[in-house]
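Some notes on the structure that comes next.
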Amino acid sequence: MPNNKKTRFLAIAAGCAVIAAFSAGLFVRNGMDSQPREREVVAAQEMAAHFAELRNLESSADGSNANLLRLFANVLFLVRQEYVEKTNTTEMAHGSLESMLASLNDPHSLFFKPDETARLEAAANGKLEGIGASLTLVQAKEGDLEKTMLKVVAPFPNSPAERAGLLPGDYIDEVDGKWVISHDPFHEIETLRKQHAEFKKLREADQRARARLKNSLTLSDAVNRLTSFDAAKGSTNVSMTVIREGKPVKLEAPITRLTVAPVGHKAIGKLGYVRVNFLGAATPKAVEKAIDELRPNIKGIVLDLRNAPGGQIEPAKQLLSRFVPGTALGQARFRADKAYKTRPISLVAAPKPYKIPMVVLVNKGTYNVAEFVASALKNQAKSALIGEATFGDASEIALFKLSDNSGFTLTLGRYLNPDGTEFHGTGVQPQVKVAEKPTKMGDPAADPALKQAISTLTAKVGG
């Protein structure tokens, strides 16, 4: 393939998004597209519970770092003084931070401008924009063709995405009739050249690739379209083509603003049904309130963590304190200089668990911190998990807020099961597997996993 074509694609790819779904996947933003090639990339994630100012760099810099800082300062000075056009120092600084984090090849480590950081904080309270779905990037390989695809973690309840029929595991291939760039369209030319194809076939492949790029969107543009609301334009519809089980499905949903409650609940006969939509600051109290309202008339609880796309670790710990018998919840693996170590994740105070039988529903939309919760409930509270294996992203992320209200996220480690085993990449496995999809979540007549949960719990507590 001619070098100029490859360069052209790389320039386009450089503007693509590495997606992060923060605060239970409530907000998705765009950044540099530098994805690790060796492993699946999952770019959806929580907003960690703590905020911190960036440490003073010079105070902790060794000689090598100090030289690099001087190098950066010298280049910044020269650009400001010598560049032909006027410069914006803030934009240059933010761009440098964005590129610095992108160089880590970690989709969870991202820079956020002040307005984006503010949107993250709003998202932590369930205030969403766009279609109301948690999105992520995954990387796959077909032969020697590497793809980075936009994947749905889960739609939020009563969101435009849910009403449109978007499902966990869908891959978004087109937005508003335009191809979402998932791979190098000129790759076909490389394959043909290796096969010593005639020039005519090479030219036709080149024309196809150019035509596809002409009617395409970068990942960042696609994500912005699906996850932001333009107040000046008001609510508009977005069309999507998703790939579901290998087949294209066309959907349409309005772009809007919406607020998602952290918890929903109801009684189903003599059982209580509590659905956790995300793990934010208000979630533990909302779960307590729901259970307290239900307790006088129920014998057991079905806790639904399906389509709960992550959240914050501190609310997760508070939630678990009402269900586990001891303080140990799980572990985390982190880097200490050149070695890797583990630390316990535990409750500070003794738990006050409800004395009521419980089963837990999970699926592949149970994501990140929600997976940690599922693991603790399975292993420490000895609750039966019913449904599908969870998503399989155990990334532990911190958000650092800077003095100008911008911020950045950084991967600190990986959550582990209580016994130190991993669920990253594999998910937390249910004891009772139910593969059949619900047509209406929360309705026993249309929700096979919930029906199974009711049967399992009823057998335990009696009719």
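In my numbering, the protein residues as written are -1 to 461.
Heads up, the beta-carbon is just placed ideally off N, CA and C, and yes, glycines get one too.
The structure presented is a predicted model; accordingly, all values stated were derived computationally and were not measured.
query: For Val240 and Ile179, believed in contact at Cβ under 8 Å, the rounded distance; result: 16 Å between Cβ atoms; not a contact.
query: Test item: CB-CB of Lys449 and Gly298 under 9 Å; result: no
query: Length of the line joining the Cα atoms of Thr257 and Ser62; result: 48 Å
query: Reduced DSSP secondary structure (H/G/I, E/B, other) of Glu89; result: helix
query: Spatial neighbours of Phe25 in its chain, beta-carbon cut-off 6 Å, leaving aside the 5 residues before and after; result: Bear in mind that the predicted position of Phe25 carries a pLDDT of just 28, short of 50, making it unreliable; the figure below should be weighed with that in mind. The answer, listed in chain order, is Arg117, Leu118 and Ala121.
query: Beta carbon proximity, Val430 to chain D, threshold 9 Å; result: The structure shown has no chain D; it contains just one protein chain.
query: Local conformation of His48 per DSSP, three classes; result: Note that His48 scores 30 on pLDDT, short of 50, meaning its location in the model is unreliable; the coordinates nonetheless yield the value given after this. DSSP places His48 in coil when its eight states are reduced to three.
query: Rounded C-alpha distance that separates Ala279 from Ser132; result: 18 Å
query: Identity of the residue in Ser107, Val358, Gln310 and Lys264 nearest Pro294 by Cα; result: Lys264
query: C-beta atoms of Phe227 and Ile266 nearer than 9 Å; result: no
query: Option in Leu126, Leu269 and Lys192 with minimal Cα separation from Asn222; result: Leu126
query: Beta-carbon proximity of Lys192 to Gly167, cut-off 9 Å; result: no
query: Through-space distance from Ala382 to Ala447, alpha-carbon basis; result: 12 Å
query: Inter-stretch contact at 8 Å, needing at least 3 Cβ pairs: the stretch 99 to 116 / the stretch 394 to 411; result: yes
query: Nearest-angstrom Cα separation, counted from Pro442 out to Phe406; result: 42 Å
query: Distance, Leu408 Cα to Gly418 Cα; result: 22 Å
query: Proximity winner among Asn275, Arg255, Leu269 and Phe321, relative to Gly262 (alpha-carbon distances); result: Asn275
query: Val173 classed as buried or exposed, judged by whether at least 16 other C-beta atoms fall within 10 angstroms; result: buried
query: Whole-Å CB distance - Ala207 paired with Ile187, under 8 Å assumed; result: 7 Å
query: Touch test, the stretch 410 to 430 against the stretch 329 to 338, Cβ-Cβ under 8 Å, three pairs minimum; result: yes
query: Identity of the residues DSSP links to Asp302 by a beta bridge; result: Arg273 and Leu359
query: Short Cβ contact (9 Å threshold) for Pro351 with Ala326; result: no
query: At least three beta-carbon pairs within less than 8 Å, the stretch 382 to 393 to the stretch 313 to 325; result: no
query: Residue burial classification, Phe70 (beta-carbon count within 10 angstroms, cutoff 16); result: exposed
query: Presumed contact (8 Å Cβ cut-off) between Ala451 and Leu359, rounded CB distance; result: 6 Å
query: Residues near Thr87 in its chain [Cβ-Cβ closer than 7 Å; skip 5 each side]; result: Arg78
query: Beta-carbon contacts of Gln427 that lie in its chain and below 6 Å, excluding the five residues immediately before and after; result: Ala387
query: C-beta contact flag for Ala162 and Ala251 at 9 Å; result: yes
query: Exposed unless 16 or more other CB atoms sit within 10 angstroms - verdict on Thr460; result: Note that residue 460 is Gly in the sequence shown, not Thr. Under this definition Gly460 is an exposed residue.
query: Option in Asp335, Val236, Leu217 and Pro260 with minimal Cα separation from Asp302; result: Pro260
query: First and last residue of the uninterrupted beta strand (DSSP E) at Pro246; result: Lys245 to Thr257
query: Length of the line joining the Cα atoms of Ala100 and Gly141; result: 26 Å
query: DSSP state of Pro442 mapped onto helix, strand, coil; result: coil
query: Cβ-based burial, Leu67 [other Cβ within 10 Å; buried from 16]; result: exposed
query: The beta strand (DSSP E) enclosing Leu126, as first and last residue numbers; result: Lys125 to Gly128
query: Neighbour-count burial assignment, His185, 16 or more Cβ in a 10 Å radius; result: buried
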